[in-house]
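Q: For reference, the structure I am asking about is given below.
Protein chains: 2
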Amino acid sequence: MTATLQLLKNVKAAKTALALAGTEKKDRALEEMAACLWEDREEILAANREDVEEAKGKISDVMIDRLSLTEQRIKGMADGIRDVVSLPDPVGKVQSRTERPNGLLIEKVGVPMGVIGLIYESRPNVTSDAAALTVKAGSGCILRCGKEAHRSCAAIVRAMRRGLAKAGLPEDAVVLVEDITRQSVTDMMTAKGYIDLLIPRGGAGLIKAVTDNAQVPVIQTGTGICHIYVDSYKDPKEALDIIENAKCSRPSVCNAEEVCLVKREIAKEFLPLLRERLVAGRVARNLHPVQLILDEEAGGIISGTKAGPEDFDTEFLDYKLAVAVVKDVGEACEHIARHSTGHSESILTTSAEAADLFTSAVDSAAVYVNASTRFTDGGEFGLGCEIGISTQKFHARGPMGLDEICSYKYVIRGSGQIR
Amino acid sequence: MTATLQLLKNVKAAKTALALAGTEKKDRALEEMAACLWEDREEILAANREDVEEAKGKISDVMIDRLSLTEQRIKGMADGIRDVVSLPDPVGKVQSRTERPNGLLIEKVGVPMGVIGLIYESRPNVTSDAAALTVKAGSGCILRCGKEAHRSCAAIVRAMRRGLAKAGLPEDAVVLVEDITRQSVTDMMTAKGYIDLLIPRGGAGLIKAVTDNAQVPVIQTGTGICHIYVDSYKDPKEALDIIENAKCSRPSVCNAEEVCLVKREIAKEFLPLLRERLVAGRVARNLHPVQLILDEEAGGIISGTKAGPEDFDTEFLDYKLAVAVVKDVGEACEHIARHSTGHSESILTTSAEAADLFTSAVDSAAVYVNASTRFTDGGEFGLGCEIGISTQKFHARGPMGLDEICSYKYVIRGSGQIR
Chain L
229 MTATLQLLKN VKAAKTALAL AGTEKKDRAL EEMAACLWED REEILAANRE
279 DVEEAKGKIS DVMIDRLSLT EQRIKGMADG IRDVVSLPDP VGKVQSRTER
329 PNGLLIEKVG VPMGVIGLIY ESRPNVTSDA AALTVKAGSG CILRCGKEAH
379 RSCAAIVRAM RRGLAKAGLP EDAVVLVEDI TRQSVTDMMT AKGYIDLLIP
429 RGGAGLIKAV TDNAQVPVIQ TGTGICHIYV DSYKDPKEAL DIIENAKCSR
479 PSVCNAEEVC LVKREIAKEF LPLLRERLVA GRVARNLHPV QLILDEEAGG
529 IISGTKAGPE DFDTEFLDYK LAVAVVKDVG EACEHIARHS TGHSESILTT
579 SAEAADLFTS AVDSAAVYVN ASTRFTDGGE FGLGCEIGIS TQKFHARGPM
629 GLDEICSYKY VIRGSGQIR
Chain D
229 MTATLQLLKN VKAAKTALAL AGTEKKDRAL EEMAACLWED REEILAANRE
279 DVEEAKGKIS DVMIDRLSLT EQRIKGMADG IRDVVSLPDP VGKVQSRTER
329 PNGLLIEKVG VPMGVIGLIY ESRPNVTSDA AALTVKAGSG CILRCGKEAH
379 RSCAAIVRAM RRGLAKAGLP EDAVVLVEDI TRQSVTDMMT AKGYIDLLIP
429 RGGAGLIKAV TDNAQVPVIQ TGTGICHIYV DSYKDPKEAL DIIENAKCSR
479 PSVCNAEEVC LVKREIAKEF LPLLRERLVA GRVARNLHPV QLILDEEAGG
529 IISGTKAGPE DFDTEFLDYK LAVAVVKDVG EACEHIARHS TGHSESILTT
579 SAEAADLFTS AVDSAAVYVN ASTRFTDGGE FGLGCEIGIS TQKFHARGPM
629 GLDEICSYKY VIRGSGQIR
C-alpha cells in the first residue's frame, strides 16, 4: 500500500464524522483552524523560507512571489478561513419540497460529497482556502500541492489539523499528500471508492492529464480562451474600456480576454481605435502595451502581428490579444463554438436582438452582454467563495461555491404509504 | 471510421438546431413523432414479429413479453410521447436571478446537455421514451438497444425521425446505432467530444462495464439493494404492509426491497409475524411466497434459508428477502453503509429521533420514513417522467427527469461594467 492510499483510507474513515457534524461544530472548527494557523505562523514562515530557498533559480520570479509567505499573507489566509464561517451551510439545506397527493412529503436536501481531492500548484493559500470550503461543505479533503510548496503546505495543514482536533472533529478530515512524485497524482486519479470529486487546479497540461486519465469524478477547471465580440456601440469608449479591462486588468487569470471579434460593418472605424487604446495609448500611460495578433482582414486595416494557425486556440495569459473580423453575430457565435474553451464570452452591442441571439447560441459557462469577462468569479457572482471555475457541463458549471461541491438526496416522510 | 462514429458526427451536427429550437417547435415535433409512430404501426409490428420470432428460445418468456409489441402498446408509446409535451421546458428556465451591487444582472439558466447516449436492453418502448425526453430537453440522442429488439427499434426510430423532419427539426436529432456488436458500445463509451452524457440502463453487468470504462460523462443507474429497517411500530400490520409491498408488488424492479433489518428488541415478536405474512400468509392468498434468507440471529428465531456470505450484497430481483437482526438504528445505518448500492432505504419507526438519525446518516438517493421504497420513481416524485434512476452523487441523484439531463449557464447583463 502506498502512503497516498493510506491517507485515502484515513480521510475516508473521517468523512462520516464530518458529514454529521452540524453547522455549529463545523464553524467552531473553522475558527480553531484560523486561530491555529495564526499561532503557528513562525513555523509556517520557517518552512516557507526553506521552500523559497530551494525554488530560487528553478521557477520564475512570478512563481516565487506566489510561493512566498509573509506574516500579512498568513493573516489573510486565517481571515479567509473565518470568512467561510459566515457562509450558509449547504448540508441539510432543503432545495425543494413537495407534498404528493398520497401524503408523502418529499424534500430534496443538500448532502456532502464525501471526500474531495484537490491537485494544485504552488500557492500555499489554496491549501487553507480549499480545506475551509470542504470542511464547511461537510466533506473530507485530500490535498496534493506542487512540490515547490510542499514544506509550507505541510506546516499549514499541521496547524489546521490541530484546529480540527480542538473542535472535536477528526484531524484526518484534512490530509496532505506527502509523496510529491507523479505517483501520488496517479494514485488520486485512480482512487475509486475513495475520492468522490477530484478538482485539478493549475496549468492546462495538468488539467488535461487529470481529466483524460481519472477514474474518479473530475471537474475540469480553469482554462479560458475568452472572447469579446464587438457588435455595435453608441460610444466606442465603453467598448474600449471593457476590452482593456478584460485583457489588461490581470492578464494571467482564466477570465481574461484572449480574443476580440469585430463586426465587419464597424471594423474600419473600431480597429484603429482599439489599436490606439491598447498599444500607443497604454505606452503613453506608462502601461504595458498589448501585442495585437491579427487575422488577415484585421491586418488589412491596422498593423500588428500576423496570426498563425494556433493563435485563436491559445490561452496567452499575457499582454497579447488575437483579433478577427466577422460578418455578424451569427458568425461570431460560430467562431466561438469552434475555438472557445467554454469559460466566458461577452457581446458588446446596442441591439437587444443581437444580445439575445448571442446569449442563446453561445454555450459557455458565463455569457455576458456589455460587461467585462473578468467578473466570472465566485465572489463577484455572489457565491461568497470559490473553489474553482468549471468549464464542463456535467455536475457544475462556472464558479463553484459550497453548493457546487455538494450532492443531494431525497428524504421522504410518510405514514404507511404503499404503492 | 466506424458506422457508429458517423452517427455520432451526424447527431453532433444536429444538436445546435435542437438547442435553439424553442418550446413550441419541440412540442410540435413531439406531436408529429407520436403521430408518425401510430401511422407506422403496421411496419413496426411487422419488424417486431421478426424480432420475437428470432428471439424465441434464446431469451426467457418474461423477456419475450417485454420485447413483444401490440397495437395497444404502440398506442401507449405514442401517448407517452404526447405526455412529454405538457412538461415544462427545462431549456431557458431561469433557475436563479441576482442583481449585484454593481448593477450586473446574473441569471442561471437551464441549457441542453448536447448529445445524450443511451445504452439499453430489449424493451422497445424505452426507444420512444428516451427520444421524447431528450428532444424536449433540447439534446440530440444516440440510442443503442439490445440486439433482440433491433428491428423493432429501427422501425420506431424511422417513424420518429419522420416526425422530426415534418416539424422542421433535423432527423439526426435521434439516431439509432446499427452495429449491434460490442464494438458500438465501446465506440459510445469512448466518444469524447461527441457524447455529453451517457446513460446505461439494464443489468448490473452492463452498467458496471460502462461506468468502469467510459471516457465520457456517465450516470450510473439502477442497481438497487434496498433496505427496510424495522425500528418500532404501534401496530405491526403497518410495517408488514410496507414490507410486503416493497418486496412483492414488483420484485424485478430496482426499488424493490432486498434486505430487511430488524431491531433486536422487537425481533422475537416481529420475525414470526414477518414469516407468517410473507410465507404461509401469501400461500394462503394464492400468492408467490417469499424465500427468507436469514442471518444467524434471525435464524435462531424463525426458520428459513441460512444466509451465505453474498446474500446481503445481492440484488435478488426475485421473491427472496435477506433478513438480519441489528442492535439499533446506529447499527442499521452501519449495515446499510457497508452493503447498500445507494438507491433507496426506509426506516419504519414511531421515534422521531430514530427517524432523524436514519435520514441524516444514510447516504442513499432516497431515504424514507414509514413508507415503501417502491416510490423511488420520477412519476411518483412529481418529475412527470424519468429517464433512469441515478445511484451516484455526481451531477444527478435519484430519479432523473428533464432538469437532470440538462446543464446550466450564467447569463450576465451589464451596462459597461468593468472590474
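Residue numbers (our numbering), protein chains in the order written: chain L, 229 to 647; chain D, 229 to 647.
Note that beta-carbon positions come from the ideal geometry of N, C-alpha and C, so glycine has one too.
Between the C-alpha atoms of L:ALA247 and D:SER588, what's the straight-line distance to the nearest angstrom?
A: 9 Å
Q: According to a CB-to-CB cut-off of less than 8 Å, which residues of the segment 544-565 of chain D neighbour chain L?
A: ALA565
Q: In chain D, what lies closer than 9 Å to L:GLY626 by C-beta?
A: LYS336, TYR636, LYS637, TYR638
Q: Based on Cα-Cα distance, which residue from L:GLU271, L:ARG566, L:GLU486, L:VAL595 lies nearest to L:VAL575?
A: Looking at the sequence itself, residue 575 of chain L is Ile, so the reference to Val does not match. For the set L:GLU271, L:ARG566, L:GLU486, L:VAL595, the Cα lying nearest the Cα of L:ILE575 is the one of L:VAL595.
Q: Which first and last residues belong to the beta strand (DSSP E) in which D:ALA550 is found?
A: First-last of the beta strand (DSSP E) with D:ALA550: 548-554.
Q: For chain D, find out if any of its Cβ atoms is closer than 8 Å to the Cβ of L:PHE498; answer yes or no.
A: Taking Cβ atoms only, chain D never reaches closer than 8 Å to L:PHE498, which makes this a no.
Q: Inspect the beta-carbon positions of L:ARG379 and L:GLU485 and report whether they are closer than 8 Å.
A: no
Q: Quick one, are the C-beta atoms of D:ALA231 and D:ILE633 less than 8 Å apart?
A: 8 Å or more divides the Cβ of D:ALA231 from the Cβ of D:ILE633.
Q: Might you give, ordered along the chain, the residues of its own chain that have their beta carbon closer than 6 Å to the beta carbon of L:THR601, omitting 5 neighbours on each side?
A: CYS454, ALA474, ASN483, GLU485, SER572, SER574
Q: Spatial neighbours of D:GLY345 within its chain, please: CB distance less than 6 Å, with the 5 preceding and 5 following residues excluded, ordered by chain position.
A: ILE370, MET416, ILE423, LEU426
Q: For L:LYS367, decide whether its Cβ has a neighbour in chain D, counting only Cβ atoms nearer than 8 Å.
A: A small fix is needed here, since residue 367 of chain L is Ser in this sequence, not Lys. By this cut-off, L:SER367 is not an interface position.
Q: Could you tell me whether any Cβ in chain D is nearer than 8 Å to the Cβ of L:ALA484?
A: no
Q: Tell whether a beta-carbon distance below 8 Å holds between L:LEU258 and L:VAL312.
A: yes
Q: L:LEU315: which of L:ILE640, L:GLY606, L:ILE334 sits nearest, CA to CA?
A: Comparing Cα positions, the closest option is L:GLY606.
Q: Can you check which of these residues, L:GLU376, L:GLN234, L:GLN300, is closest to L:GLY285 by C-alpha distance?
A: L:GLU376
Q: Applying a beta-carbon distance threshold of less than 7 Å, which residues of chain D neighbour L:GLY536?
A: Under the 7 Å cutoff, chain D gives no residues; its nearest Cβ is about 24 Å from L:GLY536.
Q: The beta strand (DSSP E) that contains L:LEU520, what's its start and end?
A: 519-522
Q: Which residues, in chain order, does the segment 584-599 of chain L contribute to contact with chain D at a C-beta distance below 7 Å?
A: THR587, SER588, ALA589, ASP591, SER592, ALA593, ALA594, VAL595, TYR596, VAL597, ASN598, ALA599
Q: Quick check on L:ALA512: buried or exposed, where buried means 16 or more other Cβ atoms within 10 Å of its Cβ?
A: exposed
Q: Would you kindly work out how many angstroms separate the C-alpha atoms of D:VAL385 and D:GLY391, rounded to a whole number?
A: Rounded to the nearest angstrom, the two C-alpha atoms are 10 Å apart.
Q: How would you list, in chain order, the residues of chain L whose beta-carbon sits under 7 Å from the beta-carbon of D:ILE646?
A: ASP469, ILE470, ASN473, SER600
Q: Take the Cβ of L:THR409 as the centre, count every other Cβ of all protein chains shown within 10 Å, and call the residue buried at 16 or more, exposed below.
A: exposed
Q: Measuring alpha carbon to alpha carbon, tell me which residue in L:ALA550, L:ALA306, L:SER367, L:GLY528 is nearest L:PRO537.
A: L:ALA550
Q: Measure the alpha-carbon distance for D:GLY612 versus L:VAL553 and round it to whole angstroms.
A: 47 Å
Q: Go ahead and pull the three-state DSSP assignment for L:GLN323.
A: DSSP places L:GLN323 in the strand class (E or B) of the three-state scheme.
Q: Comparing alpha-carbon positions, which option in L:ARG256, L:ARG510, L:ALA432 lies nearest L:GLY396?
A: L:ARG256
Q: Of the residues L:ALA526, L:ASP584, L:THR418, L:VAL405, which one's Cα is nearest the Cα of L:LYS496?
A: Distance from the Cα of L:LYS496 is smallest, within the candidate group L:ALA526, L:ASP584, L:THR418, L:VAL405, for L:ALA526.
Q: Tell me whether the beta-carbon of D:PRO464 lies closer than 8 Å to the beta-carbon of D:LEU501.
A: The answer is yes: Cβ separation under 8 Å.
Q: Taking 8 Å as the CB-CB limit, is L:PRO445 close to chain D?
A: yes
Q: Taking Cβ-Cβ distances shorter than 8 Å, what residues in chain L pair up with D:THR577?
A: Per Cβ cutoff of 8 Å: no residues; D:THR577 is ~11 Å from chain L at best.
Q: As a quick exercise: from D:ARG566, D:LYS237, D:LEU515, pick the residue whose alpha carbon is nearest that of D:GLY342.
A: D:LYS237
Q: Could you give the distance in angstroms between the alpha-carbon of D:HIS563 and the alpha-carbon of D:LEU489?
A: 9 Å
Q: Report back the beta-carbon spacing between D:VAL199 and D:PHE498 to the nearest angstrom; my notes put them in contact at under 8 Å.
A: With chain D covering 229 to 647 only, the question about residue 199 of chain D has no answer from this structure.
Q: Could you tell me the boundaries of the beta strand (DSSP E) in which D:GLY368 lies?
A: 368-372
Q: With a floor of 3 residues, list each beta strand (DSSP E) that falls wholly inside the segment 399-486 of chain D, ordered by position along the chain.
A: 402-404, 425-428, 454-458
Q: Counting contacts by CB-CB distance shorter than 8 Å, is D:HIS623 in contact with chain L?
A: yes
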